Amino acid sequence: MYTPRRPGTPGGSFLTTPHSLSKSRRSAGTPLAYGRSPCTPGMLSLCQDSSLHQSQVLEETADHVVELFGTILPVLVSEALVEAEPGTDISARISSCGWAWLVCGRKLFVWQYKQGSRNRSCRMLTLPPSDLAHRADLVCVLLRDDLAPAALAVAPAGILRYWPNIAHEGSSTDALADLQGEECYSLTNTQPIGCILATTTSSLMLVTPSTVDGQTALLIKPLKAPQGLLAGIGRRVSSFIFGAMPSQSSEARHLVKVLVEPTEEEDEKYVYVLLRNTLQKWFLEEAGPEKLCGECDLDRTMKEQFHEALWEHGNTLPRHLRAWCIDMQLSANGVAVLMAALNPQVSQQLHYAIGTVDVRNVGSPNDIPVCFMDFTVLRFSEQYTERNEESLLNYKFVLPSVNRRTSFVYGTTKVYCVTPGSNVDDPDVIEFKKDKLLGAGSYEGTPLFFSHVHGIVCIRSVHAPAQDASRTVELLLQDHGSPEDNMEETSVDESNFNKLRSAFVLFCKSELLRSEAIIDEAFLGRTEPSSEPDSALDTCVSRLGYRLVDDVPAMDPRWAHQHAPGGLGSSSMSLLIHHQLEDKLRAHQLLLNFLKGVGLWQRLYAVTVRGLPMATNLLLQEQAEKLVAAMQLRSLQSQFGGVIDAGIKRVIDARRLSVSARLTATDHFYQQVSELDKIFLALVEEEEAKLNKGISPKDELALIIEVNSIIVKVLQEVCVFREKEQLIYEAAREISLEFRPWTSVLRDVLCQQHQVTVARAVPLVDEAFDRGRVYQQLCDLADLVLNGYKVQLDSLSHDPGAYEALELQYQQDRKNLIAPLIKANQYERAAALAEKYYDFTSLVEICETTKNKEKLQNYMIQFADQGFPEFVFKWQLDSGRRGELLRQPASQYRNLERFLEGHDSLSWLHAIQLGKMGQAANTLHSLGLREDKYLARKKALLSLSKLAALASGGPPESRADLIKSINKEHELIMYQESLPAAVKEAYCLDPKNMQALGPEELIEMYISQDNTNADEYDFAKALELLSFIADQTRAQILRMRIWCAAILRNQWEDLNTDDPVSIMPDLLFFRIAELYFSKGSNLAEFLPSLDELLEMPELQDLGTNPTFSFMLGAGYEHMQRVAAC
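Position 456 (the sequence shown) corresponds to 456 in full-length UniProt numbering; numbering is contiguous.
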């Protein structure tokens, strides 16, 4: 006889810690224990004890756990699986009522798999004879009140066998269904109406067991669409909605699935029949005729949805697709359909999808054209071939809860855990290697699969409670009466809280469907998730979390007076404080799993904490962190009992709690974990009080070291937990709120303790051990403060103003916390902090102090993305270390080049160093043009620019414009250098240190009265300077100003008008004209017209003088005649 193997139970002594008793699990991806049958020979027979509880984990992935489910597999079933001949057809069904059956050849095995079942026996029945293989889908187990169930089976050829009581195999009754050569496909339970027998070609029959004159008989009735005038009207309505409805006599269609939906009346059922790509809805009642409510064709809509999701941007049309409906399950709003589609014009890749069809109003006058309420393409596909089409379309799926979207699509060896509409890139895949799945089902919202190797297994989310969690939390949130009995309260808020609490209790007991129903009623059935703090859901979750962490121990008799009748109960059954805290943490983790498991996690937003809105998920994280801190503080109490006890006393005194011999201050403190943060200020205050009493230096040092040790060890444990569990507490949606961790609220306390250590402990250390210990504590305290800043800053990316304000404070505190370590030559510790928190000033200071250039270069590489090279370059530039700046290793050339883009005075040197002469020439030219302080520097920059351009090695035409511009600037410099000495003296221009002047300034100097000895050559230079004026209008104004100044240099009123030509050489105006004429210039081009001159404002006084007018006119006439000759 083969007997099943019982999972071992971990053992240990009474000193074993709870952690050592945790169950052993395989890591994700570990293969299942293949090669063994569910029952192992040679073990003691334990199969008769069906109450044994299995919780053996077979495999874990990132999101799911596979484990044994229910009672141990019966011996008869195990033997049948082991002894079955190769090639024997074996199939199984798992019903939601707690019964399972397996078909192996002609043997039918029926047993109750659910835990705690009263019927512990397995019944073996013999199926009707058949040439075709029997299948579990052709068997129904019919439950009866307080009696053993009945069973109905049908052979593929149509022979029916009914057992009124499976305990009596010999009491069976046979009947024959007239199938007219069709093959049976499925048998669906529609009790109390009967069972629906469906054939592969979609014929439907209602089979009803009955008793006539004490004899059992089977009534077989074909289901047909109604005929007649009224039926025709109904069919025409359905045809308008769904298209033409073929009659039963039309070409047969392949049957996919038959589903039954219960109604409020027990003797009425809706039946959904999926025929290839067509969905029918029937209505059955026990005492009336069947009715075909309607029929809808899913083919076109399905192809359009697939095409839109996958091939919308291609050159194909929806009609080019091949599509199949391959399975169907009931959902909250209709039926969920598993589909497959192939686009032969693109590839041979077969894609799968799940869509929901709303069939609630099919057949009513208000019908709308059929469409999918949702349609999600699953993120896995298969390579299609004609040869393996049958296996590819043989995928089925389990929808454990009609209110949840998570589905489990399975084949013979794989299960895909998918959530339609989720953002997960790939589904969780569980592969049963060297195994085979014989059937599937669900129980109380848990998906179940029948494994050939392991028997019935469940796949549960990592957020769902384990099978053995119900006992662990049996007293968790205990109440008097059932959870539903205590949901009615006077206030809405209290009612919501009690509903959430009740759903949590049910979840912990693995009663997932009842838990989900309460959640849907209280929260999920309402509006969209709130985006305002303190919503009903957020408030209730926050309150439940606080009640868990501040719970009183249930088993400690000293707290008996604190247990309120009908209250929340206790999350801890331990008498020892450390174990109580562990229990609370486990309970809090169950709360987290509950929120994610029932779909509340993604709806959480924020609650008000410490006067500011805080994301609810982060508040839950804070509650868990305080439990971790409390556990660490408790473990330190044996080592630092005096200080911790004194601090606890201060906290309890501040609460004004009366402490008795029955309940100590320690009991009260660790009970209210939510206020654990008060201990840190209490420790610092206790330390300050003792220091002010004037204790010895040795005791003073020891006290400060003890307080530091407590604070650092507790908060470091919190930071480790926060980093480790970060992804677990991550919000499911984007929440832009400032997050100030509770450890950051302690910032002032930690900074105060840091100052005390610097001021009073550092001067007292003399031994190397104490010195290292104190400085390490300083480093750790600084780390805690800066870590809190970092977390808070990271949450302020949405608020630049608040970010900048906090960043200034952060930078100041960072400097103050690291500076004492640098001052004490603790360079390694200071550098570690500066590296972690990007304190570049401290890093540069450390490297300069230690003269470690190599380390500085390493930092420039290590923190290149954070801008450290640019910081070093700026520091070197600001401190006047330009030589160091330009002497960078080759690895920093690119960074230095980018930095020097805004520093042209140095960038040209770097360009020459890199051999980029053309770039250097352009930079020098730009510098020369901008230089206006020193003429000599301007001249040198332009000269260097010309040299660099000539040395650039490019073709002459590429640098012609640059050299032309440089030469022109040199000409301008020459005009300035040629200024008469009197002018330079008048304008205080030092010939060796002259300011660079512009052309207009030079023109003014050449023609000004300060140029007392100005002659025609000076004015000619002024006119030549006009070529440097880009604005022609401005140049014309200056041109007229120059000629007017030349005229005003002489006295015109008293001139002898007898011989004007002889007088002209004495006048500067005509000498300038003579100079240009002698150079071959065209007088008409460079001389202004006589009328223009006379209209100039500067000459208005002379214009009324007849002598001036005569002499100027005569001069123009003479020059024109001479020029004409």
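All residues carry an ideal CB built from backbone N, CA and C; glycine is no exception. No experiment lies behind these values; they were computed from the predicted model shown.
Between the Cα of residue i and the Cα atoms of the options, which residue gives the shortest distance?
i, options, result
"Ala62", "Leu914, Ser461 and Arg1049", "Ser461"
"Gly915", "Val154, Glu897 and Gly902", "Glu897"
"Asp550", "Glu494, Met994 and Ala587", "Ala587"
"Leu1094", "Arg1121, Asp1058 and Leu1048", "Leu1048"
"Ala92", "Lys436, Leu1025, Tyr272 and Ala732", "Lys436"
"Val707", "Cys719, Glu687, Glu725 and Met1040", "Glu687"
"Glu767", "Ala702, Thr1107 and Ile710", "Ala702"
"Lys992", "Glu1004, Ala1045, Leu935 and Leu298", "Leu935"
"His320", "Ile1063, Ala309, Leu298 and Asn343", "Asn343"
"Leu73", "His351, Val457 and Val398", "Val457"
"Ser736", "Leu618, Lys724 and Asp748", "Leu618"
"Asp813", "Tyr837, Asn165, Trp875 and Arg300", "Tyr837"
"residue 1127", "Val402, Tyr416 and His903", "Because residue 1127 is not part of the residues shown, which for the chain are 1 to 1125, the question remains open."
"Ile518", "Lys509, Thr539, Asn496 and Asp534", "Asn496"
"Leu284", "Pro192, Arg662 and Phe306", "Pro192"
"Glu1016", "Lys984, Tyr987, Phe1077 and Gln976", "Phe1077"
"Trp742", "Arg610, Pro889, Glu261 and Tyr113", "Arg610"
Quick check on residue i: buried or exposed, where buried means 16 or more other Cβ atoms within 10 Å of its Cβ?
i, result
"Ile1037", "exposed"
"Tyr670", "buried"
"Gly1115", "buried"
"Thr190", "buried"
"Ser1081", "exposed"
"Lys269", "buried"
"Gly170", "exposed"
"Ala244", "Interpretation of Ala244 is limited by its pLDDT of 37, a score under 50 that renders its predicted location unreliable; the figure taken from the coordinates is listed afterwards. Exposed, by the Cβ-count rule."
"Gly42", "Any reading at Gly42 needs caution, since the residue's pLDDT is 30, under 50, leaving its predicted position unreliable; the model's value is listed next. Label assigned to Gly42: exposed."
"Val872", "buried"
"Ile695", "exposed"
"Val677", "The sequence shown places Asp at residue 677, not Val. Label assigned to Asp677: buried."
"Gln621", "buried"
"residue 1138", "No information on residue 1138 is available, as it lies outside the stretch 1 to 1125 that the chain covers here."
"Ser210", "exposed"
"Val1122", "exposed"
"Thr88", "exposed"
"Met302", "buried"
"Ser203", "buried"
"Gln866", "exposed"
"Cys1125", "exposed"
"Cys508", "buried"
"Cys293", "buried"
Any idea which residues DSSP pairs residue i with across the strands?
i, result
"Cys162", "Cys is not the amino acid found at residue 162; the sequence shown has Tyr there. Note: Tyr162 sits in a beta bridge opposite Leu152 and Thr173."
"Asp297", "Thr278"
"Pro262", "Lys269"
"residue 1127", "Residue 1127 lies beyond the residue range present for the chain, which begins at 1 and ends at 1125; the question has no answer from this structure."
Assuming residue i and residue j make a contact with CB atoms under 8 Å, what is their CB distance in whole Å?
i, j, result
"Ala340", "Ala323", "7 Å"
"residue 1126", "Ile973", "Shown here, the chain extends from 1 to 1125; a query on residue 1126 therefore has no answer."
"Cys847", "Leu833", "Not quite, the Cβ-Cβ distance comes to about 15 Å (not below 8 Å), so this is no contact."
"Trp1052", "Met1096", "Contact doesn't hold; Cβ gap of about 14 Å is too wide."
"Thr413", "Glu431", "6 Å"
"Asp327", "Lys257", "6 Å"
"Glu1092", "Met1040", "7 Å"
Under 8 Å: do the region 273-291 and the region 340-348 share three or more Cβ pairs, one atom per stretch?
no
Three or more C-beta pairs under 8 Å: does that hold for the region 578-592 against the region 711-720?
no
When you compare the region 961-978 with the region 1030-1046, are there three or more beta-carbon pairs, one atom per stretch, that lie closer than 8 Å?
no
Stretch-stretch touch, CB-based, cutoff 8 Å, three pairs: the region 281-288 with the region 211-221:
no
Please confirm if the region 724-733 is in contact with the region 761-781, defined as three or more CB-CB distances below 8 Å between the two stretches.
no
Taking one C-beta from the region 106-113 and one from the region 122-135 each time, how about it: are there three or more such pairs within less than 8 Å?
yes
Could you check whether the region 865-884 touches the region 839-853, counting it as contact only if at least three pairs of C-beta atoms, one from each stretch, sit closer than 8 Å?
yes
I want to know whether the region 175-184 touches the region 157-165 - three or more CB-CB distances under 8 Å.
yes
On the three-pair Cβ rule with 8 Å, is the region 597-607 touching the region 536-550?
yes
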